[in-house]
Structures are given as structure tokens and as C-alpha cells.
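Asker: Questions regarding the structure given below will be posed in turn.
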Amino acid sequence: MLTVAREAAAAARAAAESGLDLPGLLEQTLRAANDAVAATPSQLEVLRKAGVVDSGGEGYRVIIEGAWMFSTGRAVDVELEAGAGASRPFSRALVEAIDHESTFGFCTEFVLRDSDVALPDVKTCMEELGDSVIAVGDHDLMRVHVHTSRPGQALEFAVDHGTLAKVKVENMQLQHQAFAAAAREASATDGEDQPASPIGVIAVAAGDGFQKVFRSLGARVVQGGQTMNPSVQDILAAVNSSGYGELIILPNNSNIVLTAKHVQELTPHSVTVIPTETAPQGIGALLAFNFQADMQTNVAAMDQAAHGVHTVEVTRAVRDTDVDGVAVESGDLLGMYDGRIVATTASAEEALLSALSQAPLEGLEIVTIYYGFGASEEQAQAVAAKIRNDHPGLDVEVVEGGQPHYPYVVSLE
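Residue 383 in this note's numbering sits at position 292 of the sequence shown, with consecutive numbering throughout.
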């Protein structure tokens, strides 16, 4: 999927620089996405054997196609019930915010062909009639959207200035009432906001970037990591103040696994520790978390996901030693694969590439480089470019991890 997105973005940038209008830009973007999706079976053996394309890439392509169809006035027929599809409980604050008398008007959409007025003038007129105005296209074909209490006037304007087509008018007041009724029915009776899931996740992480990733995925973060392990009390405090009855702990370091398991004995909460040994394993596990699944199902899925992630780490040796037959001198840059030293070099980038060469890349799809202590984004991007060149079938991304002691932590999935 990341390859499809990258190719589509490159095409969009080129189209914008060439001065194409929005429909033209989206058409070029869609063409690039089509080609990228079609190429996915040649990049991954599992897709080639199954005779299918990458599903994530195809989903991304469909989004672009929808935007292009909208911009060119092509019909996109999708029917959804108002108020349907809410997968999480409503909070009382949400109910109070929407449960009031208000006039929402009509969602009015139409296509205007052969217009005798310019696009800015159409926008100005629609803004006088309502809000949420979207108008794209040119004299030959414009697609117009407006929320207004006077849909008739919007349509009359179109009739007066061109050929009206593909009219759609929906009463948003009725939709609002249906949604508000669904919210009231689903709202908790005690007036407290309900969590999206009855299960919480606590992750141990070091570095602003890694912590931001874990928080964005819904985890509560306890600061810690290599040489700065959190105490039992640190993790216990996070568990007891979480507000969840059931929790999953991701220690993300082999030295913290036993500490996390000790917390299970000290709290009345139901706590399960998934023994993730690196931050990439923890992220992989968290991506498998299902807000609607029970504890047993989530633990099984997250544990399996964590075991599917391999990690390359680069750090500096602090003393002379010999590990697994590898002679190490103080100051050497060490390249490690899944915790095992596999390379010693003079630079962090060389250590990363040497360690990566020890990994079985066949069947892998994504390489994410998290850069931290002593490494810059420019250096990380240069390494990423070399990996892409050497392994064109891999999606290679660069993220600021901010981790101490380790210039690079690399996730292989």
C-alpha cells in the first residue's frame, strides 16, 4: 500500500507542477495508482501465487478513483442509513452536543455543464445561499455541493447559467434527528463517557517519536527503555489509574518483561503481559488490537503479530568483549538482528545495512527506520534510499523515533 501511495503522490506532485486542474491532476494520480496496484503481484511472491493484487493498495486506489469521479461529475452510488454503523459507544457529551433544535437544511449537489459563469462566481453564489460549499471543475463541467435551506434557488441558478444534471437533495434535518435518536439510545445511562474498548493497553517506550506512535494507536505510555527501565511501581501506577478493568502491557524490552509480569500480582485489575522485546514488536502488536474483541482474542492476535516483526538495532559498544564469536571493541557501532550482534562497523549506517543483510528479506513487505540518538533524518533517508534501490519490492519508511542510545531501530514486517 505504501508503494501505491508513494507512486500516486509523485504523480500528483508532477501534475500540480505542470499546472493541471483538479480533475486532470486526479486523473494522472489515478493512472499512477492503477499501474502501482497492477505491479504488486510482481513485488510480493505471496500475491503472485494467490493471483491477487495488494488489498491495501487497491483500497487506496479506490479512494483516489472516488475523488476523481466526484471531480468529473461521474455518479458514485453509495447508500448508507443515517445513524448506522456506529461501532463505539456514544458519550453523553456527544449526545448533548447534537440533541438540540437546529435547522440543518438540505445537502444539495448537482452537476453544471456548459456554464456561462466562471467557477469563482458559482462559489460566491453558493456561499450566499449556504455553507460547506465545494465547487470544482471548469466551464465545461462543474461539480457543486452546498448545505442550504434554499435548495430551489441553488438549482435555479444552475438552470439559468448552464445545463443542470445529476441533482441530489437530501434533508439533513431528518438525518440529524435519526442520528440523535441513535446516540440517545446508545448513550451510557450513568452520564459518564464510555471508553472505546473495555480493554486498555499500556506500552513502555523511550523517545518522543516512539511515544507519539504508541499514543496515536491508543496506548497509555510509561517512559522507559534500555538503561532506563521503569520500576514495578511506575507500571503499577499506570495500571491502577487507567480506568480499565482489563489491561494489556507491552514491555517492549526483554529486561522489562519480568517487571511487567510482577505487576499482575499487585493489582486487582485483570492484566496480561505480551512479552514484546522491542518497540517495533510492540507497535506491531498494537496494530493488531481490535477495540471490539475480547481480551482472549486480542491477546492471541497481538502476540501473533508481535512474533511476525523482526528488529534491527544499532548501538555503540561501551567495552571490549566477544559475543557469539564476534569480537567487539569499545566504541564500535554494533548492528543487531533480533537481539543478536551480527556486525561491527565504524558507522551507524554501515552497521544498519550489515545487520539488514543478515535478515531473511524474502516475504517481508515493510521496513520502517526509526532514527534517534546521533542520527539525523537526512542520514536515515539516505539509508532508506539505498535499501529501496537494493530491494525495490520493499516499502521503506523513515520515522523520527527519538530513542536514546540507539541511532537506529528498524522494524521488519
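All C-beta atoms in this analysis are idealised placements derived from N, C-alpha and C, irrespective of residue type, glycine included.
(1) Taking just the CA atoms, how far does Ile457 sit from Ala130?
(2) Please classify Leu425: does DSSP put it in a helix, a strand, or coil?
(3) Considering only the alpha carbon of each residue, which of His238, Asp251 and His252 lies closest to Val53?
(4) Please tell me whether Met92 and Gly157 are closer than 8 angstroms, where the distance is taken between their beta carbons.
(5) Suppose you measure from the CA of Asp486 to the CA of Val295; what does that come to, to the nearest Å?
(6) Do you know offhand how far Leu357's Cα is from Leu327's?
(7) Would you call the region 405 to 418 and the region 379 to 390 in contact, with 3 or more CB pairs under 8 angstroms?
(8) Of the residues Ala209, Asp112, Ala473 and Ala379, which one's Cα is nearest the Cα of Tyr499?
(9) Going by DSSP, name the residue or residues bridged to Lys259.
(10) With 16 other CB atoms within 10 Å as the buried threshold, where does Pro359 fall?
(11) Say whether the region 466 to 480 touches the region 417 to 437, bearing in mind that this needs 3 or more beta-carbon pairs closer than 8 angstroms, one atom from each stretch.
(12) Report the rounded CA-to-CA distance for Asn343 versus Gly484, giving the unit in angstroms.
(13) Checking 8 angstroms against the spacing of the C-beta atoms, do Gly375 and Ala397 come in under that value?
(14) Quick check: the Cα distance between Val490 and Gly309, rounded to an integer number of angstroms?
(15) Here's the rule: buried if 16 or more other CB atoms are within 10 angstroms of the residue's CB, otherwise exposed. What is Arg152?
(16) Inspect the CB distances between the region 222 to 231 and the region 243 to 250 and report whether three or more fall short of 8 angstroms.
(17) Taking the alpha helix (DSSP H) that Ser502 falls in, what are its first and last residues?
(18) Return the first residue and the last residue of the beta strand (DSSP E) that Tyr462 is part of.
(19) Taking the runs of the alpha helix (DSSP H) that are 4 residues or longer, which of them lie wholly in the region 285 to 356?
(20) Please confirm whether Ile365 and Leu338 have their CB atoms less than 8 angstroms apart.
(21) Would you call Phe305 buried or exposed, if buried means 16 or more other Cβ atoms sit within 10 Å of its Cβ?
(22) Please list, in chain order, all residues of the same chain as Arg241 whose beta carbon is under 6 angstroms from its beta carbon, the five residues on each side excluded.
(23) Below 8 angstroms on the Cβ atoms is my guess for Asp429 versus Thr402; work out the distance and round it to an integer in Å.
(24) Measure the Cβ-Cβ separation of Val330 and Ile290 and say whether it is below 8 angstroms.
(25) Give the single residue among Glu200, Pro451 and Gly463 whose Cα lies nearest to the Cα of Leu503.
(26) Leaving out the 5 sequence neighbours to the left and right, which residues in its chain are closer than 7 angstroms to Asp112 when beta-carbon positions are compared?
(27) Whole angstroms are fine: how far does the CA of Ala475 sit from the CA of Ala446?
(28) Let me know if Pro211 comes out buried or exposed under the rule of 16 or more other beta-carbons within 10 Å of its beta-carbon.
(29) In the structure shown, what three-state DSSP assignment does Met92 receive?
(30) Within its chain, find whatever has a CB closer than 6 angstroms to the CB of Asn125; leave out the 5 residues flanking it on each side and keep chain order.
(31) Return the CA-CA distance between Asn262 and Thr254, expressed in angstroms with no decimal places.
(32) Could you compute how far the alpha carbon of Thr424 sits from the alpha carbon of Glu404?
(33) Quick check on the burial criterion: 16 or more other C-beta atoms within 10 angstroms. Buried or exposed for Gly315?
(34) For Arg407, list the residues DSSP reports as bridge partners.
(35) Under three-state DSSP, which class holds Val213?
Answerer: On the basis of the data shown:
(1) 16 angstroms
(2) strand
(3) Residue 53 lies beyond the residue range present for the chain, which begins at 92 and ends at 504; the question has no answer from this structure.
(4) In terms of Cβ geometry, Met92 and Gly157 do not form a close pair [threshold 8 angstroms].
(5) For the pair Asp486 and Val295, the Cα-to-Cα distance works out to about 27 angstroms.
(6) A direct Cα-Cα distance of roughly 8 angstroms separates Leu357 from Leu327.
(7) no
(8) Of Ala209, Asp112, Ala473 and Ala379, the smallest CA-CA separation from Tyr499 is found for Ala473.
(9) Glu200
(10) exposed
(11) no
(12) 28 angstroms
(13) yes
(14) Spanning the two alpha carbons is a distance of roughly 18 angstroms.
(15) buried
(16) no
(17) Here Ser502 belongs to no alpha helix (DSSP H); instead the beta strand (DSSP E) covers Tyr499 to Leu503.
(18) From DSSP, the beta strand (DSSP E) with Tyr462 extends over Ile457 to Tyr462.
(19) For the region 285 to 356, the continuous alpha helix (DSSP H) assignments of 4+ residues that do not extend past its boundaries occur at 299 to 307, 323 to 331 and 348 to 354, in sequence order.
(20) no
(21) buried
(22) Leu220
(23) 6 angstroms
(24) no
(25) Pro451
(26) In chain order, Asp229 place their CB closer than 7 angstroms to the CB of Asp112, counting only its own chain and leaving out the 5 sequence neighbours on each side.
(27) 14 angstroms
(28) exposed
(29) coil
(30) none
(31) Straight-line Cα distance between these residues: approximately 24 angstroms.
(32) Note that residue 424 corresponds to Leu in the displayed sequence, not to Thr. Computed Cα separation, rounded: 10 angstroms.
(33) buried
(34) Leu424
(35) Reduced to three states, the DSSP call for Val213 is helix.
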